[in-house]
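Below is one structure, written out as structure tokens, with a few remarks after it.
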Amino acid sequence: VAPDKKRDPIAAARTNWERAGWGDVSQGMVAVTSVMRAHQILLARVETALRPYDLSFSRYELLRLLAFSRTGALPITKASDRLQVHVTSVSHAIRRLEADGLVQRVPHPTDGRTTLVQLTELGRSTVEDATVTLNEQVFADIGMGTAESQALVSSIETLRRNAGDF
1 VAPDKKRDPI
11 AAARTNWERA
21 GWGDVSQGMV
31 AVTSVMRAHQ
41 ILLARVETAL
51 RPYDLSFSRY
61 ELLRLLAFSR
71 TGALPITKAS
81 DRLQVHVTSV
91 SHAIRRLEAD
101 GLVQRVPHPT
111 DGRTTLVQLT
121 ELGRSTVEDA
131 TVTLNEQVFA
141 DIGMGTAESQ
151 ALVSSIETLR
161 RNAGDF
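According to the UniProt record's numbering, the sequence shown is numbered sequentially starting from 1.
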């Protein structure tokens, strides 16, 4: 007996949408649901790869941003802008990274009103090791070929541009 092929639940949702009389918007529902499911799949892979470093993807992104900066430090508001998240989210990530010894808050050398978030040596070595792991376990093979990946990125760029993201 041949094993049953798994039915795509999103394809089933499309059929149900069309049966309910919403065929005119079923493609939009499928697109949104597909992107959200892909996000869950990829985030699970990323979180699995980062687990040995006790990092979430958002904390990893902040460490990587700091490591890419010239001095290893940025004003908190600039980090918020570059990561496209609210400053409260960045502050929460900083508190956790600070507690783990990966970053520290330091006064801005010339602007007393500004606080910088700065990588520690432990933070730098952690983000470098975590990046190697992500490159090997996630980014080297995301589950589709280069042409498919480029087409996906192009489609998502269109969506982001039309939403005013950049």
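No residue lacks a Cβ here, since even glycine has one placed at the ideal position from N, Cα and C.
Check your understanding: So, using beta-carbon positions, are residue 74 and residue 102 closer together than 7 Å?
Key -> In the sequence shown, residue 74 corresponds to position 74, counting from 1. In the sequence shown, residue 102 corresponds to position 102, counting from 1. Cβ atoms of residue 74 and residue 102: not closer than 7 Å.
Point to revise | Segments of 3+ residues assigned as beta strand (DSSP E) that fall wholly inside the segment 47-132 | key: 73-75, 103-107, 115-119
Review point. Shortest alpha-carbon distance to residue 57 belongs to which of 140, 67, 44?
Key: Numbered from its first residue, the sequence shown carries residue 57 at position 57. Nearest Cα to residue 57 within the set 140, 67, 44: 44.
Review point. Can you name the start and end residues of the alpha helix (DSSP H) that residue 150 belongs to?
Key: Against the sequence shown, residue 150 aligns to sequence position 150. Element bounds for residue 150: 146-162.
Review point. Once you ignore the five residues that flank residue 119 on each side, which residues in its own chain have a CB closer than 8 Å to its CB?
Key: Position 119 of the sequence shown, counted from the first residue, corresponds to residue 119. Excluding positions up to five away in sequence, the list reads 63, 66, 67, 72, 73, 102, 103, 127.
Practice item. Could you check if residue 106 is buried or exposed, using at least 16 other CB atoms within 10 Å of its CB as the buried criterion? Key: As a first step, residue 106 must be located in the sequence shown, where it is residue number 106. Residue 106 is exposed by the Cβ-count criterion.
Check your understanding: By DSSP, does residue 24 sit in helix, in strand, or in coil?
Key -> For the purposes of this step, residue 24 is identified with residue 24 of the sequence shown, where counting begins at 1. In the structure shown, residue 24 sits in a helix (DSSP, three-state: H, G or I).
Check your understanding: What residue does the alpha helix (DSSP H) around residue 19 start on, and which one ends it?
Key -> As a first step, residue 19 is located in the sequence shown; it is residue number 19 there, counting from the start. Element bounds for residue 19: 9-19.
Practice item. Grab me the residues of residue 86's own chain with a C-beta within less than 7 Å of its C-beta, minus the 5 sequence neighbours each way, in chain order. Key: Mapped onto the sequence shown, residue 86 falls at position 86. Hits under 7 Å: 80.
Review point. Are residue 173 and residue 49 touching if we call contact CB-CB under 7 Å?
Key: Outside the shown range of the chain (1 to 166) lies residue 173, about which nothing can therefore be said.
Check your understanding: Of the choices 46, 108, 28, whose alpha-carbon is the least far from that of residue 136?
Key -> One-based indexing of the sequence shown puts residue 136 at position 136. The candidate whose alpha carbon is nearest that of residue 136 is 46.
Exercise for review: Flag this pair as touching only if the segment 7-14 and the segment 24-36 have three or more C-beta atom pairs under 8 Å; answer yes or no.
Suggested key: Under the Cβ criterion (8 Å, minimum of three pairs), the segment 7-14 counts as touching the segment 24-36.
Practice item. Count the other CB atoms, across all protein chains shown, that sit within 10 Å of the CB of residue 61; report buried if there are 16 or more and exposed otherwise. Key: Against the sequence shown, residue 61 aligns to sequence position 61. Classification for residue 61: buried.
Practice item. For residue 34, I'd like the list of residues in its chain whose CB is within less than 8 Å of its CB, leaving aside the five on either flank, ordered along the chain. Key: Residue 34 sits at position 34 when you count from the first residue of the sequence shown. Taken in chain order, the residues that qualify are 10.
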